[in-house]
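In the working numbering, the protein residues as written are 46 to 388. The next block holds one structure in the form of structure tokens; read it before the comments.
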Amino acid sequence: MNILVTGGAGYIGSHAVRQLLKASHSVVVYDDLSHGHKESIAAASSGLKTSAEFVQGNVADSKLFTDTLNRYSIDAVMHFAAFIEVGESVVDPEKYYRNNFTNALSMLHSLRSGPKNGVKKIVFSSTAATYGNPLTSPIQEDHPLLPINPYGRSKMMTELAIRDFAHAYGLGFAILRYFNVAGASPEVEGFGLGEAHEPESHLIPRVLAAAAGKSAAIGIFGTDYDTRDGTCIRDYVHVDDLAMAHVLALAKIQDGKGEVYNIGSQNGFSVREVIRACEKATGKTIPVEEKPRRAGDPATLVASSDKIRKELGWTPKYPDLETTVSHAWKWHQSHPMGYKSSR
Ligand SMILES: NC(=O)c1ccc[n+]([C@@H]2O[C@H](COP(=O)([O-])OP(=O)(O)OC[C@H]3O[C@@H](n4cnc5c(N)ncnc54)[C@H](O)[C@@H]3O)[C@@H](O)[C@H]2O)c1
Numbered sequence: 046m047n048i049l050v051t052g053g054a055g056y057i058g059s060h061a062v063r064q065l066l067k068a069s070h071s072v073v074v075y076d077d078l079s080h081g082h083k084e085s086i087a088a089a090s091s092g093l094k095t096s097a098e099f100v101q102g103n104v105a106d107s108k109l110f111t112d113t114l115n116r117y118s119i120d121a122v123m124h125f126a127a128f129i130e131v132g133e134s135v136v137d138p139e140k141y142y143r144n145n146f147t148n149a150l151s152m153l154h155s156l157r158s159g160p161k162n163g164v165k166k167i168v169f170s171s172t173a174a175t176y177g178n179p180l181t182s183p184i185q186e187d188h189p190l191l192p193i194n195p196y197g198r199s200k201m202m203t204e205l206a207i208r209d210f211a212h213a214y215g216l217g218f219a220i221l222r223y224f225n226v227a228g229a230s231p232e233v234e235g236f237g238l239g240e241a242h243e244p245e246s247h248l249i250p251r252v253l254a255a256a257a258g259k260s261a262a263i264g265i266f267g268t269d270y271d272t273r274d275g276t277c278i279r280d281y282v283h284v285d286d287l288a289m290a291h292v293l294a295l296a297k298i299q300d301g302k303g304e305v306y307n308i309g310s311q312n313g314f315s316v317r318e319v320i321r322a323c324e325k326a327t328g329k330t331i332p333v334e335e336k337p338r339r340a341g342d343p344a345t346l347v348a349s350s351d352k353i354r355k356e357l358g359w360t361p362k363y364p365d366l367e368t369t370v371s372h373a374w375k376w377h378q379s380h381p382m383g384y385k386s387s388r
């Protein structure tokens, strides 16, 4: 298939580009580079027979977006493009509703005027943040959506729009709700494909930055939760396993129908356990600073991933946290300044 990947120059999108190319799809990356890196597109194709095309643009630029759909006879879209900072979404919600919802809506509109009577397949990057504070654990896909911040709400609103477009206009969809994503692709020589967020708010790269001496210590926000060691528990998935889930989900999409899948490892790790795994992978002692709880952090967020395992045969290749962390560490060591290190 001819696949357009919005946000394909970002962390997860670029890893999905690689798995799509390996599955013999033709890939066009569509990214405005507001947070992405052009170097990641070349890295995603490194060592493969084919490479991805790149179009720089915003998904809300309907003319460029529609022209791109037509020019490359696009059959399906994977929509990764979004802003991802929960904290920023609280202080600047308009930025999040505009990009993650309004611009996504504009993109959905453009799909209707794409080639062959419209593009009828979409895989959408959603998030555990749509669930809010879990009422049950592990979280299943039919858990109520009660997001507690504008980021989660903006993603939920796009999910709802996609469902309504499916009902009314025959769009087929797979909504993937990711839990915590980490690691880097071991397939790319020299660990040349990885996570380069600026700012970085995710736990594992922040712990690794502390291990590398780039920050004085890693903050632990709350040590009195009702968990096995008092710190928050989260569910981590390797970015290559997540990328494979996209390839599998795409293959099953039917016009006008859709499915929602959680993507997590079904195993929770506490903040202290993550720090210990990072110490093991790096061979360094990582200084910690214990701080009060942050508002809005649930004690435990763990996915049930039974559905995607049963229905799509998804089996993570890298189920253990230590492997994920060691891949992330190799990327950070070889690219201490992210993609700027490759320039
Ligand atoms: N990183 C995680 O742990 C995580 C967890 C759950 C869900 N998600 C979702 O996964 C997706 C990808 O996350 P990521 O970590 O790769 O983020 P990222 O910031 O690395 O990638 C997002 C990409 O989208 C591009 N982009 C943003 N708005 C755009 C627009 N309007 N038009 C064109 N390009 C645009 C950016 O330049 C960037 O390259 C997001 O939708 C995010 O909500 C991520």
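Where is the CB? At the ideal position from N, CA and C, for every residue including glycine.
Taken through DSSP and simplified to helix, strand or coil, residue 339 comes out as coil.
Between ligand 1 and residue 90, a heavy atom-to-CB distance of less than 7 Å is absent. Contact between the region 160-167 and the region 205-217 is present: 3 or more CB-CB pairs across the two stretches fall below 8 Å. In this structure, the CA atom of residue 351 is about 19 Å from the CA atom of residue 175. Within the model, the alpha-carbon separation for residue 321 versus residue 158 is close to 51 Å. Residue burial annotation: residue 355 is exposed, with fewer than 16 other C-beta atoms found within 10 angstroms of its C-beta. In terms of CA proximity to residue 149, 124 leads the group 129, 124, 172. Beta-bridge partners of residue 283 (DSSP): 227.
Of all alpha-carbon atoms in 201, 337, 323, 357, the one lying nearest the alpha-carbon of residue 369 is that of 323. For residue 230, the closest alpha carbon among the candidates 109, 310, 92 is that of 92.
One thing to note: residue 268 has its Cβ no nearer than 8 Å to the Cβ of residue 315. Distance from the CA atom of residue 257 to the CA atom of residue 265, rounded to whole angstroms, is 18 Å.
The DSSP-derived three-state label of residue 101 is strand.
At a threshold of 7 Å, residue 77 counts as near ligand 1, since its beta carbon sits closer than that to one of the ligand's heavy atoms.
Distance from the CA of residue 281 to the CA of residue 68, rounded to the nearest whole angstrom, comes to 24 Å.
Annotation for residue 127 indicates a beta carbon within 7 Å of some heavy atom of ligand 1. Between the alpha carbons of residue 205 and residue 52 lies a gap of roughly 20 Å. For residue 304, the uninterrupted beta strand (DSSP E) segment begins and ends at 303-308.
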